[in-house]
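Be aware that the sequence shown starts at 2, since it is given in the working numbering, and climbs by one per residue. Input: a single structure, listed below in structure tokens.
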Amino acid sequence: EMSKAADDNRKKELLEIARILGKVPYEPSQTMHEAVQSMWLIHLVLQIESNGHSLSYGRMDQYLYPYYKSDLENGIITEESACELMTNLWLKTFTINKIRSWSHTQFSAGSPLYQNVTVGGQTVDKKDAVNDLSYLILKSVAQTRLPQPNLTVRYHAGLDDNFMKEAIEVVKLGFGMPAFNSDEIIIPSFINKGVKEEDAYNYSAIGCVETAVPGKWGYRCTGMSFLNFPKSLLIAMNDGVDLGSGVKVAEGVGHFVNMTSFADVEKAWDKIVRDFTRHSVIIETCCDMVLEETVPDILCSSLVEDCIGRGKTLKEGGAVYDFISGLQVGIANMADSLAAIKKCVFEDKSITTSELWEALQNDFEGENGTRIQNLLIAAPKYGNDDDFVDNLIRDAYNVYIDEIKKYHNTRYQRGPIGGVYYAGTSSISANVGQGRGTLATPDGRKAGTPLAEGCSPSHAMDKNGPTSVFKSVSKLPTEQITGGVLLNQKVTPQVLEKPEDSMKLIALLRTFFNRLHGYHVQYNVVSRDTLLDAQANPDKHRDLIVRVAGYSAFFNVLSKQTQDDIIERTEQVL
């Protein structure tokens, strides 16, 4: 009897699936099941159309909520069956992968697809947008505990405290979700750039930490080019010559050994970073022109305003908005390198320009190399709320920001609002790949080792706790880095063991976002011992998931260098 009942139940399920597949997406959805099926089919086809990347679900708790509410009221669905439906969607989402080049594979450790789901935030009339479906999405993502989808909570000052507590409970599960993006900095930043207020209040996370207005944005919100800040500094110090190849790649202002003041270093940086910024735009423009001619993305274009009205694809300027960012890598290394040069060479005079340059070429080998490396490491470090170093990276970053404002993408003046560039630190796992090709740097970092990821401090250099990290990050020109200010933090499970610990973290987050105007933060809740054991005994930790950059991945599929990079992140104490 039980077997027959199970068979009958499955038969009903299959008939219902067949009915829905015959209806959507050709006809409007009327139930939550129909809506989810319609979403999935379109999502899947869009992935196929573009060999998908960062195709995101947007503010699902807003547009799906009317179906959920109606089905509950009409007895069509229960909370339990709705949760099962969502977990099935997440399982399907996880099955998607894409073909990548080897270089791209290295920059995207763990094969992320960046399929972001956004919950929380505010409604267009500035009220807390949290609803019952917001909680259900948190719960269902927590149940599946997979690297995809990428879950983001939109934070704002009035975000419901109970929802914050629930979000922290999910953080405590240790699979790197949810990430927090802040309305308090992102919405004003969008409005200042010409986005209508109602659209700015409807933004969602796209990919890692990048943000855009769903259904109205150009075909990407992050650029194609990565600019390695520390390597650019080395080239600036070497009169425009790339140290690895010996090729003169830019016109410099002189060699470091002949510089007599820190102002000379700043002039060299100003010259080179402006030149490289211009070249990064040239590279992106070449790619964009080829893509416009060969990859129209017709379905995606038809779903974005106002491509049909304008008779243009996304890549021809059909979207309402089109802003993009490049990706700047090694922010903390740049900060620490500038601070070490200023302090050790030009203030304390404990190292000469020739000694530093020789030590960098020799990768700090020998007794004198070790002495110099120790002096560099002892210099002020970003992440400790020290104005000496924090102001240096702010000023250095502002040179890039000033230069990138001069340029336009290929959609400029072809329809969209914008068509311009801004900064972004969402470096994915490029910090490992780009570190591999970067010689020793003046912060004391050895050649070939990973650069710092996102805007996070270099490993073990942030000695003063999480509040100081937040304060250092807040001194960056965040309102200009609209492409994303990616901050990873790591705590042990024991740090969030008690209920009062969760409340401490909530208070810390509210301070970061409300007072310091932080853009983003996400947490790895895992101990160093667990990660080391997983590295030694991968079979015992097949389900271990970690936050890599703006996304999560299974620890075991990462390269040893990326694993080591995550292991070495500073463990914070609340």
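A virtual CB, placed ideally from N, CA and C, is assigned to each residue, including glycine.
Just to confirm, are residue i and residue j a CB contact at a threshold of 9 angstroms?
i: L607; j: Q362; result: Residue 607 lies beyond the residue range present for the chain, which begins at 2 and ends at 575; the question has no answer from this structure.
i: P154; j: G121; result: Note that residue 154 is Val in the sequence shown here, rather than Pro. For V154 and G121, yes; Cβs fall inside 9 angstroms.
i: S427; j: G519; result: no
i: A461; j: Y383; result: no
i: I429; j: G551; result: yes
i: D391; j: A336; result: yes
i: T450; j: G434; result: no
i: F471; j: L517; result: yes
i: G331; j: N193; result: no
i: T96; j: G59; result: no
i: N98; j: S109; result: no
i: G327; j: F257; result: no
i: N239; j: L452; result: no
i: I325; j: P443; result: no
i: D364; j: E267; result: no
i: A83; j: L137; result: yes
i: A558; j: G175; result: It is worth fixing the name first, because residue 558 is Val in this sequence and not Ala. Cβ atoms of V558 and G175: not closer than 9 angstroms.
i: G224; j: Y422; result: yes
i: Y1; j: Q329; result: The displayed coordinates of the chain run from 2 to 575. Any statement about residue 1 would go beyond what the structure contains.
i: K217; j: E306; result: yes
i: S459; j: Q490; result: no
i: E211; j: G425; result: yes
For residue i, does the three-state DSSP call read helix, strand or coil?
i: H577; result: Residue coverage of the chain in this structure runs from 2 to 575, which leaves residue 577 outside it and unanswerable.
i: G331; result: coil
i: V492; result: strand
i: Q523; result: strand
i: H157; result: coil
i: D1; result: Residue 1 lies beyond the range of the chain shown here (2 to 575); nothing can be said about it.
i: R529; result: helix
i: K249; result: strand
i: G76; result: coil
i: A206; result: strand
i: V585; result: Residue 585 falls outside the range modelled here, since the chain spans only 2 to 575, and no answer is possible.
i: H518; result: coil
i: D323; result: strand
i: A436; result: It should be pointed out that residue 436 corresponds to Gly in this sequence rather than to Ala. Three-state DSSP puts G436 in a helix.
i: H460; result: coil
Can you give the Cα-Cα distance for residue i and residue j, rounded to whole angstroms?
i: H521; j: A213; result: 15 angstroms
i: H105; j: S560; result: 14 angstroms
i: S473; j: L292; result: 39 angstroms
i: I188; j: E348; result: 41 angstroms
i: D200; j: S183; result: 16 angstroms
i: L234; j: I418; result: 34 angstroms
i: D1; j: D162; result: Any question about residue 1 goes unanswered here, given that the chain covers just 2 to 575.
i: T278; j: Q562; result: 28 angstroms
i: L92; j: K13; result: 22 angstroms
i: S553; j: P148; result: 5 angstroms
i: V125; j: Y156; result: 15 angstroms
i: Q523; j: Y68; result: 30 angstroms
i: V282; j: N410; result: 8 angstroms
i: T353; j: I49; result: 57 angstroms
What residues in its chain sit with their C-beta under 7 angstroms from that of residue i, if we drop five residues either side in the sequence?
i: I207; result: S55, S57, N117, A213, C222
i: D243; result: I236, V250
i: G416; result: R311, K313, G318, G319
i: I273; result: S233, I236, A237, G241, A251, G253
i: A168; result: L139, V154, P179
i: L134; result: D62, L65, Y66, Y69
i: A143; result: V171, L174
Here's the rule I'm using: 16 or more other beta-carbon atoms within 10 Å means buried, otherwise exposed. How should residue i be labelled?
i: Q63; result: buried
i: E294; result: exposed
i: G53; result: buried
i: W103; result: exposed
i: K316; result: buried
i: C345; result: buried
i: K464; result: exposed
i: L160; result: buried
i: E366; result: exposed
i: L532; result: buried
i: Y401; result: buried
i: E80; result: exposed
i: A19; result: exposed
Among residues of its own chain, excluding the 5 on either side of residue i, which ones have a beta-carbon nearer than 6 angstroms to its beta-carbon?
i: S528; result: T493
i: G445; result: Q374, L377, I378
i: E35; result: I21, V25
Cutting at 8 angstroms between CB atoms, please list the residues of its own chain near residue i, excluding the five before and the five after it.
i: D388; result: K476
i: S262; result: F347
Is the shortest distance between the beta-carbon of residue i and the beta-carbons of chain D less than 9 angstroms?
i: V474; result: Here chain D cannot be found, since the structure has a single protein chain.
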